[in-house]
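Q: The following block contains the structure, expressed as structure tokens.
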Amino acid sequence: MEYKYISSERIAYFYSSKPQPHQFTILVRGIPVSVCSSVSESVETFFTEFHPTTYLSHMVVHRTSKLRNLINEAKTLSKRLLHLQSEPSQHTYRHIGLFGQRVDLVDHYGKKLVDIEQSVRLEQSNVSLAEETRAAFVSFKSRYGAAIAFHLPQSTNPTQWVTEQAPEPDDVYWPFFSSSFMRTWISKLVVIVACILLTILFLIPVVVVQGLTNLSQLETWLPFLKSILTITFFGQVITGYLPNLILQLFLKIVPPIMEFLSSIQGYISHSDIEKSACKKVLWFTIWNIFFATVFSGSVLSKVSIFLEPKNIPAKLAVAVPAQASFFIAYVVTSGWTSISSELFRIIPLIFSLVTRCCKNTDELEVPSLPYHRDIPKILFFGLLGITYFFLAPLILPFLLAYLCLAYIIFSNQFINVYMPKYETAGKFWPIVHNSMIFSLVLMHAIAIGIFTLKKLSIASTLLFPLPVLTLLFNAYCRKRFLPIFIAYPAEVLIKKDKEEASVPAMAEFYDKLVTAYRDPALMPIQYSVNSESLNRPLMSSADF
């Protein structure tokens, strides 16, 4: 019912939206180029020949990493200059270097800004002439035309003319290129290996944390703490709160690492990077927090558990209930603490104050919701609730309190704090659905193992159809609803195109669509006010 509701909301959002550039555009990579032609000429020749009625325009992607660095430097200098000019009473003289002359900072920064702008314009000229990649954003006159070009292979060689759905212009991750098929494929393999290594290395703090939860083991490791551990208060703090605190400190670094690994996989948008990072963080959390915690100690040393799948339910039945108290404490320390800190945002506040003091700027950046950090955490608590509700029902009130607080606090954050970088249109829902299906199957396996250990043969036999039925239900949802989250159906696209065919504003939209995917680094910039000649780029917009 939820999958059906969200998919219907996704279609309703599409019908109610105004024409968006990404609905009419695809990204083409692996463009073959002959000796006597450029990338731009190859794209125009190909799509004019094979998509003559729907092809509108294209925008070749350039390598602009050096140019972006110059523009960022210009922005930083501009902010410093505005700050100095807004406070004329402030002392603006400073010595340059140890033995340099005393200069006026306003004049110094102004001249430096003019020089950087000139360098930017020269670099823009060089980039537009030489630094083409074999990739381009290709726009069409209709959504249906873009969909046909996206879904149909464009060449007999599948590594050439590779198409992807274009993101929103503001969502494009411009430093993404690896444009070749081979480089993108190799980067994905490297990221997979890196994720596996990170997962293995993270077992070290997990084993340490589990050692802290066991008083007898802790006394064996650290005998000098024996006298302290005999005190009830210190023993409860060390075995109850401290392990979760250590685990949370290590977990803080996981989302940024996963986001970085996703960014080098060749994704073309911030939304795809966050979606990929969300999946990585979720499965990392499940395997390293749930399974590594459950199978720590003596069970972790028994490699045979992975070699004998039939024994997994029995091992889960023994190990999972033993960690009930740890996960109840985990919900309190991780869930309640994190959701409270989300409301007050103390760490971002401190970081903002330090940034404003160091950079001498009063400009505030509106944050966006880090989906790859918060969605996996909520889904992991859902997994704990599903797997422990019949083993340790005491966990349910703590989870209910967390979910109620999360609903109230995130509602406030969405309305008053966060500003989205891009429109998700429900794209993260399949991740939520798959996580729930996995949690249900895991719960079935644990229940079968427990009933088998207790020699309740009838109960365990009756449970066997449940995971099969759950997986069949998941297969039905994948066939019935998932395609809507991958691409809009032809029925919807054609209907939307027909509704807008007679709208006068579409002509103006097509004019803007031609330049919608121009790299912001190639746009003319003007931060200084000293020279009117700097208002004109060395190359015209048509050349870009």
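Residue numbers (the UniProt record's numbering): 1 to 544.
Where a beta carbon is used, it is the ideal one built from N, C-alpha and C, also for glycine.
In the DSSP assignment, find the unbroken alpha helix (DSSP H) run with HIS62 in it and report its ends.
A: Sequence index remark: in the sequence shown, residue 62 carries index 62 (1-based). Premise fails: HIS62 lies in the beta strand (DSSP E), 55–62, not in any alpha helix (DSSP H).
Q: For ILE6, report the span of its alpha helix (DSSP H) as first-last.
A: As a position in the sequence shown, residue 6 is number 6, starting the count at 1. 2–16 is the extent of the alpha helix (DSSP H) around ILE6.
Q: Hey, out of SER40, GLU508, ARG143, HIS372, whose CA is closest to LEU15's CA?
A: Against the sequence shown, residue 15 aligns to sequence position 15. Leu is not the amino acid found at residue 15; the sequence shown has Tyr there. Taking only the C-alpha atoms, the option nearest TYR15 is ARG143.
Q: Work out the CA separation of ALA292 and LEU300 for me, nearest whole Å.
A: Taking the first residue of the sequence shown as 1, we reach residue 300 at position 300. Taking the first residue of the sequence shown as 1, we reach residue 292 at position 292. Per-residue confidence for LEU300 stands at a pLDDT of 43, beneath the threshold of 50, marking its modelled position as unreliable; the derived number appears in the next sentence. So the two alpha carbons sit approximately 8 angstroms from each other.
Q: Kindly indicate the opening and closing residues of the beta strand (DSSP E) around GLU132.
A: By one-based count along the sequence shown, residue 132 stands at place 132. Segment 132–140, the beta strand (DSSP E) holding GLU132.
Q: Suppose the cutoff is 8 angstroms on Cβ atoms and the five residues either side in sequence are ignored; what does the same chain contact list for TYR402 look like?
A: In the sequence shown, counting from the first residue as 1, residue 402 sits at position 402. These residues qualify, in order along the chain: VAL331, GLY335, TRP336, ILE339, PHE381.
Q: Pair every Cβ in the region 466–484 with every Cβ in the region 423–440, then say whether three or more of these pairs are closer than 8 angstroms.
A: Touching, yes.
Q: How far does the beta strand (DSSP E) with THR25 in it extend, from its first residue to its last?
A: Working through the sequence shown from its first residue, we reach residue 25 at position 25. Looking at the DSSP string, the run of the beta strand (DSSP E) that includes THR25 is 25–29.
Q: At 4 residues or longer, what runs of the alpha helix (DSSP H) sit wholly inside the region 354–421?
A: Qualifying alpha helix (DSSP H) stretches, in chain order: 371–388, 395–416.
Q: Verify whether the separation of the beta carbon atoms of LEU513 and PRO52 is less than 9 angstroms.
A: Within the sequence shown, residue 513 is the residue found at index 513, counting from 1. Within the sequence shown, residue 52 is the residue found at index 52, counting from 1. No.
Q: Considering only the beta carbon of each residue, do TYR267 and VAL138 sit closer than 9 angstroms?
A: To locate residue 267, count along the sequence shown from 1; it is residue 267. To locate residue 138, count along the sequence shown from 1; it is residue 138. No, the pair does not count as a contact, with Cβ atoms beyond the cut-off.
Q: Could you tell me the alpha carbon to alpha carbon distance between ASN288 and ILE448, rounded to whole angstroms?
A: On the sequence shown, position 288 is the one that residue 288 refers to. On the sequence shown, position 448 is the one that residue 448 refers to. Cα to Cα, the separation comes out at about 23 angstroms.
Q: Measure the alpha-carbon distance for LEU67 versus ASN434 and round it to whole angstroms.
A: Numbered from 1 along the sequence shown, position 67 holds the residue referred to as residue 67. Numbered from 1 along the sequence shown, position 434 holds the residue referred to as residue 434. The straight-line gap from Cα to Cα measures roughly 41 angstroms.
Q: Could you compute how far the alpha carbon of GLY297 sits from the alpha carbon of VAL281?
A: In the sequence shown, residue 297 corresponds to position 297, counting from 1. In the sequence shown, residue 281 corresponds to position 281, counting from 1. With a pLDDT of 46 at GLY297, under the threshold of 50, the modelled position of that residue is not reliable, and the figure given next carries that caveat. Their backbone Cα atoms lie some 24 angstroms apart in a straight line.
Q: Contact between the region 504–519 and the region 31–38 is defined here as three or more beta-carbon pairs at a separation below 8 angstroms; is this criterion met?
A: As far as the Cβ criterion goes, the region 504–519 does not touch the region 31–38, which means the pair count is below three.
Q: Could you pull out every unbroken beta strand (DSSP E) segment of at least 3 residues lying fully inside the region 145–189, listed in chain order?
A: DSSP runs (the beta strand (DSSP E)) wholly in the region 145–189: 162–165.
Q: Would you identify the three-state DSSP class for SER262, choosing helix, strand or coil?
A: The count along the sequence shown starts at 1 and reaches residue 262 at position 262. In the structure shown, SER262 sits in a helix (DSSP, three-state: H, G or I).
Q: Using the C-alpha atoms, what's the distance from ILE204 back to SER460?
A: Reading the sequence shown from its first residue, position 460 is the one you call residue 460. Reading the sequence shown from its first residue, position 204 is the one you call residue 204. So the alpha carbons of these two residues sit roughly 35 angstroms apart.
Q: May I have the straight-line CA-CA distance separating ILE328 from LEU77, to the nearest angstrom?
A: In the sequence shown, the residue the question calls residue 328 occupies position 328. In the sequence shown, the residue the question calls residue 77 occupies position 77. Spanning the two alpha carbons is a distance of roughly 51 angstroms.
Q: Using only the alpha-carbon positions, how far apart do ILE395 and GLY385 sit?
A: In the sequence shown, the residue the question calls residue 395 occupies position 395. In the sequence shown, the residue the question calls residue 385 occupies position 385. Cα-Cα distance, rounded: 7 angstroms.
Q: Just tell me which of GLU508, VAL320, ALA487, LYS495 has its CA closest to the CA of ALA445.
A: One-based indexing of the sequence shown puts residue 445 at position 445. Cα-wise, what sits closest to ALA445 is VAL320.
Q: Spell out a yes or no on whether the region 404–422 and the region 346–357 are touching, meaning 3 or more CB-CB pairs, one atom from each, closer than 8 angstroms.
A: In short, these stretches do not touch, since the Cβ pair count stays below three.
Q: Applying the criterion that 16 or more other CB atoms from any shown protein chain within 10 Å of the CB defines a buried residue, is ARG480 buried or exposed?
A: For this step, residue 480 is matched to residue 480 along the sequence shown. Exposed, by the Cβ-count rule.
Q: Reducing DSSP to helix, strand and coil, say where SER125 ends up.
A: Walking along the sequence shown from the start, residue 125 turns up at place 125. Correct three-state label for SER125: helix.
Q: Would you kindly work out how many angstroms separate the C-alpha atoms of TYR3 and ILE486, rounded to a whole number?
A: Here residue 3 corresponds to residue number 3 of the sequence shown, with the count starting at 1. Here residue 486 corresponds to residue number 486 of the sequence shown, with the count starting at 1. TYR3 and ILE486: Cα-Cα distance of roughly 14 angstroms.
Q: Quick one: residues in its chain with C-beta nearer than 8 angstroms to the C-beta of LEU197, no 5 flanking neighbours on either side, listed in chain order?
A: On the sequence shown, position 197 is the one that residue 197 refers to. Here the set comprises nothing.
Q: Going by alpha carbons, who is nearest to residue 577 out of GLY110, ALA194, GLN154?
A: The structure shown does not extend to residue 577, since the chain spans only 1 to 544, so no value can be given for it.
Q: Out of curiosity, what's the CA-to-CA distance linking SER57 and LYS141?
A: One-based indexing of the sequence shown puts residue 57 at position 57. One-based indexing of the sequence shown puts residue 141 at position 141. SER57 and LYS141: Cα-Cα distance of roughly 9 angstroms.
Q: Quick one: Cα of ARG518 to Cα of GLU168, how far?
A: Against the sequence shown, residue 518 aligns to sequence position 518. Against the sequence shown, residue 168 aligns to sequence position 168. One C-alpha to the other measures close to 12 angstroms.
Q: Could you check the C-alpha separation between THR45 and SER37 for me, to the nearest Å?
A: Along the sequence shown, one-based indexing puts residue 45 at 45. Along the sequence shown, one-based indexing puts residue 37 at 37. Approximately 10 angstroms between the Cα atoms of the pair.
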